[in-house]
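Under the UniProt record's numbering, the final residue of the sequence shown carries the number 122; numbering is consecutive throughout.
Just so it is clear, CB atoms sit at the ideal spot from N, CA and C, and this is done for glycine as well.
Quantities reported herein were computed from a predicted structural model and do not represent experimental measurements.
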Amino acid sequence: MTITVYTITAVLIKLSILGFGILSVLTAFIGLLLLKVMHKKLSELLIIRFSKKFKIALWGHTSVYIAFIGKMLFIDDFSDVPAFLASHLVIHHMVSGLIAATLMIMSLRTYNQLKVSNSNTN
1 MTITVYTITA
11 VLIKLSILGF
21 GILSVLTAFI
31 GLLLLKVMHK
41 KLSELLIIRF
51 SKKFKIALWG
61 HTSVYIAFIG
71 KMLFIDDFSD
81 VPAFLASHLV
91 IHHMVSGLIA
101 ATLMIMSLRT
111 YNQLKVSNSN
121 TN
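Here is the structure:
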């Protein structure tokens, strides 16, 4: 069952790199729901680590969209729209890349630590 959670995490990282925030939020939410369903099949350590990853993605992308809506409130007239769109695209993709990099590093650490702990028990 760990392969399913790793696959969802890989899809989440890819969606974050591409800047698909809404799909990333949905994928993170589905990952959290899947962890709730599979809590008997995974170790407690893996559930904690993957739920942390999914929550980082969920709240990270949600906060970007909240900032986006907040920035929309500062638009005074039509001449502000191009600057608003340009700044949003830059900020959105920078934050999405940061979220993806964080998830990637956390996933690699989890995989390496799980691999080391499995080799020590064998």
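Once you ignore the five residues that flank residue i on each side, which residues in its own chain have a CB closer than 7 Å to its CB?
| i | result |
| --- | --- |
| S24 | L12, L15, S16, A57, H61 |
| F29 | L58 |
| L85 | none |
Any C-beta of chain B sitting closer than 8 Å to the C-beta of residue i?
| i | result |
| --- | --- |
| M106 | In the structure shown, chain B does not exist; there is a single protein chain. |
Are the CB atoms of residue j and residue i within a distance shorter than 8 Å?
| i | j | result |
| --- | --- | --- |
| F20 | L35 | no |
| I47 | H39 | yes |
| T2 | K53 | no |
| H88 | F68 | yes |
| V64 | V90 | no |
Given residue i, which residues of its chain have a CB within under 6 Å of its CB, disregarding the five upstream and five downstream residues?
| i | result |
| --- | --- |
| residue 126 | It is not possible to answer for residue 126, since the shown part of the chain is limited to 1 through 122. |
| S107 | T9 |
Counting beta carbon pairs with one atom in the stretch 69-79 and one in the stretch 30-48, are three or more of them shorter than 8 Å?
no
At 4 residues or longer, what runs of the alpha helix (DSSP H) sit wholly inside the stretch 31-113?
44-72
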